[in-house]
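If you read the sequences in order, they're chains H and D. In terms of the working numbering, the numbers along the first sequence are unbroken and rise by one, the last being 378. In terms of the working numbering, the numbers along the second sequence are unbroken and rise by one, the last being 378.
There are 2 protein chains.
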Amino acid sequence: MKKIVILGSTGSIGTQTLEVIEEQKDDFTAFGIVGGSNIDLLTEQALKYQPEWVGIYDETKYQELKNRLPESINIVAGERGVFELVSHSGYQILVAAISGIAGLKSTIKGIEAGKVIALANKETLVAGGNLILDLVKKHNTYLLPVDSEHSAIFQCLNENRKLKKIILTASGGPFRDYSEAQLQKVTLEDALKHPNWSMGKKITIDSATLANKALEIIEAHYLFDCSYENIDVLIHKESIIHSMVEFVDTSILAQLGYPSMKLPIQFALSYPNSLITNWKSLDLSQIGTLNFSKPKSYFKALSLGIEAGKKGGSYPVVYNGANEKAVEFFLNRKIGFMEISQLIETALNQIPSFKINSFEDIEHIDKTTREFLVRGIR
Amino acid sequence: MKKIVILGSTGSIGTQTLEVIEEQKDDFTAFGIVGGSNIDLLTEQALKYQPEWVGIYDETKYQELKNRLPESINIVAGERGVFELVSHSGYQILVAAISGIAGLKSTIKGIEAGKVIALANKETLVAGGNLILDLVKKHNTYLLPVDSEHSAIFQCLNENRKLKKIILTASGGPFRDYSEAQLQKVTLEDALKHPNWSMGKKITIDSATLANKALEIIEAHYLFDCSYENIDVLIHKESIIHSMVEFVDTSILAQLGYPSMKLPIQFALSYPNSLITNWKSLDLSQIGTLNFSKPKSYFKALSLGIEAGKKGGSYPVVYNGANEKAVEFFLNRKIGFMEISQLIETALNQIPSFKINSFEDIEHIDKTTREFLVRGIR
Chain H
1 MKKIVILGST GSIGTQTLEV IEEQKDDFTA FGIVGGSNID LLTEQALKYQ
51 PEWVGIYDET KYQELKNRLP ESINIVAGER GVFELVSHSG YQILVAAISG
101 IAGLKSTIKG IEAGKVIALA NKETLVAGGN LILDLVKKHN TYLLPVDSEH
151 SAIFQCLNEN RKLKKIILTA SGGPFRDYSE AQLQKVTLED ALKHPNWSMG
201 KKITIDSATL ANKALEIIEA HYLFDCSYEN IDVLIHKESI IHSMVEFVDT
251 SILAQLGYPS MKLPIQFALS YPNSLITNWK SLDLSQIGTL NFSKPKSYFK
301 ALSLGIEAGK KGGSYPVVYN GANEKAVEFF LNRKIGFMEI SQLIETALNQ
351 IPSFKINSFE DIEHIDKTTR EFLVRGIR
Chain D
1 MKKIVILGST GSIGTQTLEV IEEQKDDFTA FGIVGGSNID LLTEQALKYQ
51 PEWVGIYDET KYQELKNRLP ESINIVAGER GVFELVSHSG YQILVAAISG
101 IAGLKSTIKG IEAGKVIALA NKETLVAGGN LILDLVKKHN TYLLPVDSEH
151 SAIFQCLNEN RKLKKIILTA SGGPFRDYSE AQLQKVTLED ALKHPNWSMG
201 KKITIDSATL ANKALEIIEA HYLFDCSYEN IDVLIHKESI IHSMVEFVDT
251 SILAQLGYPS MKLPIQFALS YPNSLITNWK SLDLSQIGTL NFSKPKSYFK
301 ALSLGIEAGK KGGSYPVVYN GANEKAVEFF LNRKIGFMEI SQLIETALNQ
351 IPSFKINSFE DIEHIDKTTR EFLVRGIR
């Protein structure tokens, strides 16, 4: 029985992780669940899945949560409380599913506690990069990808076969066939309609700008020790092939399935084995055709992200922070769709480059970037 | 350095195996090459690749071959001579690339000598089935698939992940979109034009009737210990996905590449590693679309073959023998395209079922089947 703690249980990945745990109750159990402030859903989850621990970041909701849950469930609140739970010796796998830079710190605590990290938080590696890899090594543990693309790559890799190239597939989002002129006119409503995946709002916008793919490239670079020159992006609108690897003999392995996060979640939890599910088997004869094309160059968020990754140092942190803030502005209707990449570009050009020596440096640069963006649109 | 003997060096797989050996000369060397009767090509190969041994099945050509080759090359002739070479202790991998039931006996000699078998001869497992698997076990060796579909499956399998289903892809041959009425009228010339693969004549016709796919299903059944119910056929006209496996968690892995036999040949020789090649990397954005559909039910050779496989015993031997003879008739313009499956069906219905206890039984049933077909078309 694998005991699991979920950071971000009330989010999209968190709720699906709980579903997987429920479906595979002979193998998995929820040791702890942690939410941000959505006390209603957190209560519902705690009562349904009966974890030993429940954590909430928002300390002001501690008492209310205590009133709603039976005494048998332990409750922690605030960052310190959450860190205490993450460091608990009673479980093995930490599902790091708090999105954004906010998820970085708690993931670090999990690594320091020697937990296996099922990593759904892209920013951990995008911003943390080599600092995270060093920490993972030091604490003798490992990262398991939960992102569908990285899980696909991870499933295709073979330790005996030298990797030549990673081919990250991208649905291309709702605007993949748009001209540059059409792209100028898209609305928030347009951008929130993802053709294949049902996800959180931030990631849905990232998928429309292709910033998502840039973050995934940086993540893949660190996870699979692959140079940026050897990571390609392929637009594949059906989202059936979740990504591919090419070995040095030109043989390509691909992982396929219907678009669903439950498979990559379950595989991270069951790794290295596969557990039997009653999910529907992929029927390619019903789908009929799979399409592939190159990404269009005017999706600037993609090229900016790759460039930031290649430059390394503080650039990926600035890229990520600027993107997060710009998407927030877009979601609040403060800026237009095309301004997201424009703001990222300005931030990358104008914020001075720093050498990163600690997680405090990352937090500092992230904060600087966000403040820069806030000043920029006033 | 892996030393290799090629049975059938003058055939399509044999010549490509020699090309691979030449390209990877730091890792592979041709210890021996064996041809049937094509003395010109065999001489050319012997002079170019300088193997230690050359064998020729046709004993009448022994002296002529001796006259043409330098004394440094050892020459054997006839079945006994070839078996002597196959049993030689000086090499490790036997490439079994003599097509048809004729390849079975020499492959058996290789297994008995404890060689690793790079298996390009489908009939070994189609006709030999469990007898072959038992022999492989007894001599503590293993079979490595060279067929592109089986190599794909082999590359996708993972010992930690339980197999649910094999999905064999099929180009569908030149007639995949034909109606039953159109199929009645096809000529030998039509049938020999394979859209994607350049192969021998027999296998090109098998690819047009889908008998090839039935033989591959039976082979996959034995190679991967998978029930017939869990082997699907998917028509995929571009021949880019060479086959797939589905694990019990519904995750699918697929192997992709341009249609070429050199990759599966090289992987069998380099297994478990990949060797660097200068072959062109697959570019899916250039191909654009991949298409998938179910095979049409009026390709009777497919369903007859699956049925024969399920019945087991002598049925697959009869199926294979009847198909081989019927294709020979078709290539000699003695029968029409649709009569190939009709003759197979008649043979399966009318030749009594036998229990197979030995390789002599297989030879007997194969001979009986061929005689039955010859009588049938007189």
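The beta-carbon is built from N, C-alpha and C at its ideal position, and this holds for glycine as well.
- Between isoleucine 166 of chain D and phenylalanine 224 of chain D the beta-carbon gap is near 6 Å, inside 8 Å, which marks them as a contact.
- In chain order, Val318, Thr368, Thr369, Phe372 place their CB closer than 7 Å to the CB of isoleucine 351 of chain H, counting only its own chain and leaving out the 5 sequence neighbours on each side.
- From the beta-carbon of aspartate 58 of chain D, no residue of chain H is found nearer than 7 Å; the closest lies around 36 Å away.
- Less than 8 Å separates the beta-carbon of proline 264 of chain D from that of serine 151 of chain D.
- Using beta-carbon distances, aspartate 177 of chain H does not count as an interface residue toward chain D, since no partner is under 8 Å.
- With contacts defined as CB atoms closer than 8 Å, isoleucine 98 of chain H and glycine 321 of chain H fail to qualify as a contacting pair.
- Assignment of leucine 331 of chain H by DSSP, reduced to helix, strand and coil, places it in the helix class.
- Between valine 95 of chain D and leucine 183 of chain D, the C-beta gap is not smaller than 8 Å, which leaves the two residues out of contact.
- Listed as beta-bridge partners of leucine 143 of chain D by DSSP are D:Ile117.
- Shown here, methionine 199 of chain H sits in coil according to DSSP, grouped into three states, outside any helix or strand.
- Close CB contacts of glycine 129 of chain D within its chain, under the 6 Å cut and outside five residues either way in sequence, are with Tyr222 (chain order).
- With a minimum length of 4 residues, the unbroken runs of alpha helix (DSSP H) contained wholly in the segment 195-257 of chain D fall at 201-209, 211-223.
- Annotation for alanine 102 of chain H: the continuous alpha helix (DSSP H) segment containing it runs 102-112.
- By the criterion of a C-beta distance shorter than 7 Å, glycine 81 of chain D is surrounded in its chain by Gly55, once the five residues flanking it on both sides are discounted.
- Between the beta-carbon of valine 136 of chain D and that of leucine 143 of chain D there is about 6 Å, and that keeps the pair under the 8 Å contact cut.
- Nearest neighbour of serine 239 of chain D by Cα position, chosen from D:Lys61, D:Glu44, D:Gly172, turns out to be D:Gly172.
- With contacts defined by Cβ atoms closer than 8 Å, histidine 236 of chain D and phenylalanine 292 of chain D form a contacting pair.
- Listed in chain order, the non-local C-beta contacts of leucine 85 of chain H below 6 Å within the same chain comprise Gly32, Trp53, Gly55, Val76, local neighbours out to five positions each way being set aside.
- Shown here, alanine 170 of chain H sits in a strand according to DSSP, grouped into three states.
- Its chain contains Gly129 as the residues whose beta carbon lies nearer than 8 Å to that of glycine 312 of chain H, once the 5 sequence neighbours on both sides are disregarded; these appear in chain order.
- Counting along the chain, the unbroken alpha helix (DSSP H) around glycine 305 of chain H starts and ends at 300-311.
- Within a 10 Å sphere around the beta-carbon of threonine 187 of chain D sit fewer than 16 other beta-carbons, which makes this residue exposed.
- DSSP places isoleucine 33 of chain D in the uninterrupted beta strand (DSSP E) bounded by 28-35.
- Taking CB atoms only, proline 145 of chain D has no neighbour in chain H less than 8 Å away.
- The three-state reading of DSSP puts leucine 284 of chain H in helix, counting H, G and I together.
- Where glycine 14 of chain H is concerned, there is no enclosing beta strand (DSSP E), although the alpha helix (DSSP H) around it starts and stops at 12-23.
- Counting the other Cβ atoms within 10 Å of the Cβ of lysine 213 of chain D gives 16 or more, which makes it buried.
- For leucine 42 of chain H, the three-state secondary structure derived from DSSP is helix.
- Here the segment 202-210 of chain H makes no contact with the segment 350-366 of chain H; the two share fewer than three CB pairs at distances below 8 Å.
- With a threshold of 8 Å between beta carbons, glycine 257 of chain D makes contact with chain H.
- Isoleucine 93 of chain H does not reach chain D, its nearest Cβ partner there being about 17 Å away, counting only Cβ pairs nearer than 9 Å.
- Counted as a single uninterrupted DSSP element, the stretch harbouring valine 86 of chain H is not any beta strand (DSSP E) but the alpha helix (DSSP H) occupying residues 78-86.
- Contact annotation for tryptophan 279 of chain H against chain D: Asp249, Thr250 [CB-CB distance below 9 Å, chain order].
- One Cα belongs to phenylalanine 28 of chain H, the other to lysine 3 of chain H, and the distance between them is close to 6 Å.
- Judged by DSSP in its simplified three-state form, alanine 97 of chain D adopts coil rather than helix or strand.
- Contact annotation: the segment 328-342 of chain D touches the segment 299-314 of chain D, with at least three C-beta pairs closer than 8 Å.
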